[in-house]
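Numbering (the numbering used here), first residue to last: 4 to 318.
Ideal Cβ placement from N, Cα and C applies to all residues, glycine included.
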Amino acid sequence: MSVTGHHETTAATASLRMLAPRLRDYFALMKPRVMSLVVFTAFAGLFLAPGGIAPASGVLTILCIAVGAGASGALNMWYDADIDRIMSRTRERPVPAGRVSPVEALVVGITLSIISVLTLGLGVNWLSAGLLAFTIFFYAVIYTMILKRRTPQNIVIGGASGALPPMIGWAAVTGTVSVESVLLFLIIFLWTPPHFWSLALFKCGDYGDAGVPMLPVVAGERATKIQIVAYAVPTALIGIAPALIGMAGITYGLFAAVLGAIFVVYSLGVFRMPEGDPKMMAAKKNFAYSIFYLFTIFSALMADKLADRLPGLLS
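Pasting the structure below:
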């Protein structure tokens, strides 16, 4: 290799090394952990929908939903940079840490929003694209800009945005919104408050410092504990509902009943937690179990559907 070629290779390697952290920051801007849950529940909606979808269209649907979720995350980080700098849980995010500018986050969010919605509409159908557009708008504008800093019910109302992905997946396959897809929406919608308020209990100081009126900050620990139980019970009940309407079998129903009962037990553990407990172990356990619950409920629904299809696939 010539000296010139060696220098060019070295320069290219150095450029890639400099570019890699930037790419990681842009990826972090899209909240990949939140995105992974969105993608999973959207895939569940797509898988559970009756009929079928071409593999290429299915992949495109999931990709667009992932990009749309990333767009929502970027817009959230752009708008919330001021309070993210205050909270220990968020201060190392790319915008408050100064690794990505607010303008860059805004441009990324708007660009990805437009790309994801148009691609889904042109490549799959416009109902699913419309639902995706509404999801992005609801999270970025209704929740982030309007509700989050104004009301302790922010996560209850705003939770609708996180509950829509399985409905988008369902609509991508069927071109409709049905009772079954609404049921998938309700499972996540009711699950969100006990999940998020458990986190808010052991991060209450952060929200208080940032002036965000999360329920523990505004109403106190006891009221929050009561609300966690009050939402955990209907979450457990709605988790059984697919078996009651013929969407899933009796085995799923029994399994969901056990999962829901455990969720209620964990939530009652939060309720019995001593006031001002510095460790907040019961709240942390409930938060962790709530993630396991949602993942397992949707996995069980898909396993039930797969078991139903398996004889036909093998014959």
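Just list the alpha helix (DSSP H) runs in the segment 148-173, keeping only unbroken ones of 4 residues or longer that don't cross its boundaries, in chain order.
-> 157-166
Nearest-angstrom Cα distance between Val6 and Ala108?
-> Counting from 1 along the sequence shown, the entry for residue 6 is found at position 3. Counting from 1 along the sequence shown, the entry for residue 108 is found at position 105. With a pLDDT of 49 at Val6, under the threshold of 50, the predicted position of this residue should be treated as unreliable, and no value is reported.
DSSP-derived helix/strand/coil call for Ser104 | Along the sequence shown, read from residue 1 onward, the residue named residue 104 stands at position 101. Three-state DSSP puts Ser104 in coil, outside helix and strand.
Looking at Val70 and Leu115, is the spacing between their C-beta atoms short of 7 Å?
-> Here residue 115 is taken as the residue at index 112 of the sequence shown, counted from 1. Here residue 70 is taken as the residue at index 67 of the sequence shown, counted from 1. Yes, the Cβ-Cβ distance between Leu115 and Val70 is below 7 Å.
Thinking C-alpha only, which one of Gly54, Asp83, Val98 and Val273 is nearest Gly214?
-> Locating residue 214 in the sequence shown gives position 211, counting from the first residue. Among Gly54, Asp83, Val98 and Val273, the Cα nearest to that of Gly214 belongs to Asp83.
Could you tell me which of Leu66, Ala244, Thr177 and Thr238 sits nearest to His198, measuring between CA atoms?
-> Reading the sequence shown from its first residue, position 195 is the one you call residue 198. His198 has its Cα closest to that of Thr238, out of Leu66, Ala244, Thr177 and Thr238.
Among Leu218, Val120, Val185 and Ser39, which one has its Cα closest to the Cα of Ile1?
-> As displayed, the chain neither begins before 4 nor continues past 318, which places residue 1 out of reach and without an answer.
Run through DSSP, which three-state label would Arg96 get?
-> Within the sequence shown, residue 96 is the residue found at index 93, counting from 1. Correct three-state label for Arg96: coil.
Measuring CA to CA, which of Thr227, Gly124 and Val62 is closest to Val159?
-> Looking up residue 159 in the sequence shown gives position 156. Nearest of Thr227, Gly124 and Val62 to Val159, Cα basis: Thr227.
Using CA coordinates, which residue listed in Ala74, Ser201 and Thr154 is at the minimum distance from Leu271?
-> Within the sequence shown, numbered from 1, the residue matching residue 271 stands at position 268. Among Ala74, Ser201 and Thr154, the Cα nearest to that of Leu271 belongs to Ser201.
For Gly242 versus Gly263, is the C-beta distance shorter than 7 Å?
-> Taking the sequence shown and counting its residues from 1, one reaches residue 242 at position 239. Taking the sequence shown and counting its residues from 1, one reaches residue 263 at position 260. Yes, Cβ-Cβ distance for Gly242 and Gly263 is below 7 Å.
Using 8 Å as the threshold, is the segment 177-192 in touch with the segment 51-59, meaning 3 or more CB pairs across them?
-> yes
Assign Lys34 to one of three DSSP states: helix, strand, or coil.
-> Numbered from its first residue, the sequence shown carries residue 34 at position 31. Residue state, collapsed to three classes: coil.
How many angstroms separate the CA atom of Leu204 from the CA atom of Phe274?
-> Position 201 of the sequence shown holds residue 204. Position 271 of the sequence shown holds residue 274. So the alpha carbons of these two residues sit roughly 11 Å apart.
Kindly indicate the opening and closing residues of the alpha helix (DSSP H) around Lys206.
-> As a working mapping, residue 206 is identified with position 203 in the sequence shown. Taken as a continuous stretch (DSSP letters only), Lys206 belongs to no alpha helix (DSSP H), as it is neither H nor E.
Which full runs of the alpha helix (DSSP H) of 4+ residues lie inside the segment 253-312, going along the chain?
-> 253-274
Check whether the Cβ atoms of Leu49 and Gly172 lie closer than 7 Å to each other.
-> Working through the sequence shown from its first residue, we reach residue 49 at position 46. Working through the sequence shown from its first residue, we reach residue 172 at position 169. Contact flag set, yes.
Cβ neighbour criterion (16 or more within 10 Å) applied to Ala15 = Your numbering for residue 15 matches position 12 in the sequence shown. The predicted model places Ala15 with a pLDDT of 49, which falls under 50 and marks its position as unreliable; any figure quoted below should be read in that light. Counting Cβ neighbours within 10 Å, Ala15 comes out exposed, since fewer than 16 surround it.
Quick one: Cα of Arg312 to Cα of Asn157, how far?
-> Residue numbering aside, residue 312 sits at position 309 when the sequence shown is read from its first letter. Residue numbering aside, residue 157 sits at position 154 when the sequence shown is read from its first letter. Each residue's alpha carbon lies about 40 Å from the other.
For Ala303 versus Phe258, is the C-beta distance shorter than 7 Å?
-> Position 300 of the sequence shown, counted from the start, is the residue given in the question as residue 303. Position 255 of the sequence shown, counted from the start, is the residue given in the question as residue 258. Closer than 7 Å, so yes.
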